[in-house]
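A.B. asks: Right, I'll just put the structure down here and ask away after.
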Amino acid sequence: MTQEQQAIQALKDIFTICAKADTEDVKPWRALGDIHSICETALQEIMGEEAFQAFVPRDAFEE
Numbered sequence: 001m002t003q004e005q006q007a008i009q010a011l012k013d014i015f016t017i018c019a020k021a022d023t024e025d026v027k028p029w030r031a032l033g034d035i036h037s038i039c040e041t042a043l044q045e046i047m048g049e050e051a052f053q054a055f056v057p058r059d060a061f062e063e
């Protein structure tokens, strides 16, 4: 799959999750978690792991 196809598929998946969350009784944090996972996977595949790790702020997931 090309990078463009990966990006398009990720956006389609996000759109689908948002549409379902908007019409069904979906917990918002569940939808956000799914969206986060899709974005992370797509960015890692498109950017490469090293570039992705440089992109993610070191304190992004610290509490």
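The UniProt record's numbering applies: residue 1 is where the sequence shown begins, and numbers increase by one.
Where is the CB? At the ideal position from N, CA and C, for every residue including glycine.
#1: Taking 8 Å as the limit between beta carbons, can you name the residues of its chain near Ala31, skipping five residues before and five after?
#2: List the endpoints of the continuous alpha helix (DSSP H) containing Pro57.
#3: Quick one: residues in its chain with C-beta nearer than 6 Å to the C-beta of Glu45, no 5 flanking neighbours on either side, listed in chain order?
#4: Taking all protein chains shown into account, decide if Ala42 is buried (16 or more other Cβ within 10 angstroms of its Cβ) or exposed.
#5: Just checking my contact of Ile38 with Ile14 at CB under 8 Å: how many whole Å lie between their CB atoms?
C.D. replies: In this structure, then:
#1: The beta carbon of Ala31 lies closer than 8 Å to those of Ile17, Cys18, Lys20, Ala21 in the same chain, with the five residues before and after it left out.
#2: Note, Pro57: premise wrong, no alpha helix (DSSP H); not H, not E.
#3: Gln6
#4: buried
#5: About 6 Å separates the beta carbons of Ile38 and Ile14, which is inside the 8 Å limit, making them a contact pair.
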